[in-house]
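Colleague: What follows is a single structure, and I will ask about it in a moment.
In my numbering, the protein residues as written are 1 to 236.
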């Protein structure tokens, strides 16, 4: 499998993804990474660059290869209160950490692209940004800066790159991967109650005994420093 890595990223770039507990269990039990068709993503702006009526010569566009891209989103932001609240609303989610090179473990695929998302504040910026962009995945790597807190990295696959199955009309593609080798560490939602922590620990120790597991320390009390106040008398 050929891994095409975009600017600003390396094989050893650490990335993470937040899962609800149910989604995490599904990933572990099936051993499949799910790539969703970009046109099915929640943000309607995601497909604006591939939804065009005419090509550069003015001819009516009959087909756009980029409209059939499938993607999965990760982040380079290793800790985020906002991400926990969005992806773990029941306070029972987990965050898995890996690096870009581990995606080489994906099976049944010829080629996979990975790109940092580029954020823009106004659509008028897009012509200049895209004219200077040489990425084959440029149509699906731009996002409004209202989402910039995500610090997103996107993995992109196209049906032409998949060995098995006709995925042109599918809403998603499932690709097998060795979960125990792929995951480098797991963190539990920092807001999780003790019984949830115990449940997740019991499950992970049974199915992924070699993977590092801990609870996020985002909300732990400060133990790194203490402040000392000195009162200075002031004369009237």
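Note that the Cβ used here is the ideal one computed from N, Cα and C, for glycine as well. Quick caveat: nothing in here was measured; it's all calculated off a predicted structure.
(1) How many Å lie between residue 187 and residue 166 at the Cα?
(2) What is the DSSP secondary structure of residue 223, reduced to helix, strand or coil?
(3) Can you grab the Cα-Cα spacing for the pair residue 39 / residue 224, in whole Å?
(4) Could you please give me the residues that DSSP links to residue 157 through a beta bridge?
(5) Does the segment 209 to 220 come close enough to the segment 178 to 185 that 3 or more CB-CB pairs lie under 8 angstroms?
(6) Should residue 77 and residue 117 be called a contact, given that it needs their Cβ atoms to be closer than 8 angstroms?
(7) Along the chain, where does the beta strand (DSSP E) containing residue 32 start, and where does it finish?
(8) Three-state secondary structure (DSSP) at residue 85?
(9) Since residue 135 and residue 152 should fall inside the 8 angstroms C-beta cutoff, what is the C-beta to C-beta distance between them, to a whole number of angstroms?
(10) Quick one: what's got a C-beta closer than 6 angstroms to residue 72's C-beta in the same chain, skipping five residues either side?
(11) Contact defined as beta carbons within less than 8 angstroms: I believe residue 74 pairs with residue 15. What is the distance between those atoms, to the nearest angstrom?
(12) By Cβ distance, which residues of its chain are closer than 8 angstroms to residue 79, with the 5 residues on each side in sequence left out?
(13) On a Cα-Cα basis, can you pick out the residue from 89, 178, 150 and 18 that is closest to residue 96?
(14) Assign residue 183 to one of three DSSP states: helix, strand, or coil.
(15) What does the Cβ neighbour count give for residue 30, buried or exposed, with the cut at 16 atoms within 10 Å?
(16) Among 93, 82, 25 and 101, which has the Cα closest to the Cα of residue 11?
(17) Would you mind giving the Cβ-Cβ distance between residue 26 and residue 158, rounded to the nearest angstrom? I have them listed as a contact below 8 angstroms.
(18) List the residues that DSSP assigns as beta-bridge partners of residue 214.
(19) Hey, would you say residue 104 sits closer than 8 angstroms to residue 3, going by beta carbons?
(20) Does DSSP classify residue 46 as helix, strand or coil?
(21) Going by CA-CA distance only, name the one from 235, 22 and 228 that's closest to residue 87.
Modeller: The answer reads as follows:
(1) 36 angstroms
(2) coil
(3) 46 angstroms
(4) 70
(5) yes
(6) no
(7) 32 to 37
(8) helix
(9) That belief does not hold up - the Cβ atoms of residue 135 and residue 152 are roughly 15 angstroms apart, past 8 angstroms.
(10) 35 and 155
(11) 4 angstroms
(12) 216 and 218
(13) 18
(14) coil
(15) exposed
(16) 101
(17) Contact doesn't hold; Cβ gap of about 24 angstroms is too wide.
(18) 187
(19) yes
(20) helix
(21) 22
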